[in-house]
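These notes concern the structure reproduced below.
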Amino acid sequence: MGMKAKVALGAVVGIVVIGAVSANAGGDGKDGGSGGSGGGDKGSSASAGHRSGGEKDSGGAEKADAKKAEEKKAAFGGDGEYRVGTDVKPGTYRTTGNDDGMCYWERAKDASGELDSLLANDNVSGTSYVTIKPTDKLFKSSGCEDWQAVDPKAKGTPASSMDGDGGMFKVGTDIAPGTYRSTGNADDSCYWERTKDAGHGLDSIIANNNVTGTAVVTISPSDAYFKTNDCGTWKKA
């Protein structure tokens, strides 16, 4: 069974087991989150009641604004190093619109900067979800669009097709479960991954593969996310 090393900004960041059980629309990340097409967290709008004087009750709108402000406070920029629990809260976050392949993120167990401090990392095209755990010490992000907190209860309209280089899609929110087909993949560069969470560790992987030619994969309703890079457009069969 072949092994594929993933390289992020020149550093070896992990081993992907090809075809083995271990991992636009998608992750807890999609954990929990509505992502890609599942779209960022939406503040709820409340219909305003009328006072006897004809004035609108702004209580609902104020609550919605407060909720949006809290969500915005939990988000952080796409460039920086953040202390977990101090600069950024544990939870699942989403970045989208990364179209130049230069977005890089990293979860670390300390701030030494050494290779063995890495817990997980990735280079991102399109959308990524990542769950920052309470036990993480540092989260690094470089060249990414801003990160937004993911609402685990957020709803979306799952799509039946997705960009083959769109990154991560939250199953049931961004992308509907089912069997998908991608064609025209050359040079073994198409990579897909089914995951049970957005931790990005080897133990997050349900199944994955590198494909030349036509790829067919069944995304289960119990999957958390589906990841795709350098593939042709996926269409539901």
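Whatever position you read off the sequence shown (first residue = 1), add 46 for our numbering.
Every residue gets a Cβ at the ideal spot worked out from N, C-alpha and C, and that includes glycine.
All figures in this text were calculated on a predicted structure; none of them were measured in a lab.
How would you label residue i, buried or exposed, when you count the other beta carbons within 10 angstroms and need 16 or more for buried?
| i | result |
| --- | --- |
| G213 | buried |
| E152 | buried |
| S158 | exposed |
| T142 | buried |
| K155 | exposed |
| M49 | With a pLDDT of 34 at M49, under the threshold of 50, the modelled position of this residue cannot be trusted, and the question is left open. |
| P180 | exposed |
| G230 | exposed |
| G259 | exposed |
| T219 | buried |
| P204 | buried |
| T225 | exposed |
| K201 | exposed |
Would you mind reading off the limits of the beta strand (DSSP E) that contains residue i?
| i | result |
| --- | --- |
| L165 | L164 to I178 |
| L184 | L184 to S188 |
| D249 | Run containing D249: none; DSSP gives neither H nor E here. |
| G202 | Counting along the chain, G202 falls outside any beta strand (DSSP E), and DSSP gives it neither H nor E. |
| T274 | Y271 to N275 |
| K216 | G213 to K216 |
Once the 5 residues before and after residue i are set aside, which same chain residues still bring their CB inside 7 Å of it?
| i | result |
| --- | --- |
| G147 | N169 and S171 |
| V134 | F122, Y128, I178 and F185 |
Please name the residue, chosen from the options, that lies closest to residue i on a Cα-to-Cα basis.
| i | options | result |
| --- | --- | --- |
| S275 | T264, D269 and N255 | Looking at the sequence shown, residue 275 is not Ser but Asn. When each option's Cα is compared against that of N275, the closest is N255. |
| A261 | G202, S228 and D192 | S228 |
| V263 | L248, D233, A283 and G245 | A283 |
| T138 | Q194, C149 and G131 | Q194 |
| T279 | D209, G126, D233 and A232 | D209 |
| D233 | C277, K216 and K201 | C277 |
| S187 | K199, P136, G126 and V257 | G126 |
| G189 | T225, G202 and D145 | D145 |
Where DSSP assigns a beta bridge to residue i, which residues make up the other side?
| i | result |
| --- | --- |
| G259 | N231 |
| G8 | Residue coverage of the chain in this structure runs from 47 to 283, which leaves residue 8 outside it and unanswerable. |
| A222 | Answer by DSSP bridge pairing: none, since A222 is not bridged. |
| S207 | K281 |
| V134 | V130 |
| E239 | N254 and K273 |
| A154 | L164 and L184 |
| T264 | T225 |
| A195 | Y139 |
Near residue i, what residues of its chain come up, given a Cβ to Cβ distance below 6 Å and the 5 sequence neighbours on each side ignored?
| i | result |
| --- | --- |
| A166 | R153, H246 and G247 |
| P267 | P223 |
| S206 | A222 and K282 |
| Y237 | N256 and N275 |
| K273 | M214 and E239 |
Using a Cβ-Cβ cutoff of less than 8 Å, which residues in the same chain neighbour residue i once the five nearest sequence positions on both sides are dropped?
| i | result |
| --- | --- |
| K183 | R129, V130, A154, K155, D156 and A157 |
| D192 | A121, F122, G123, G124 and T141 |
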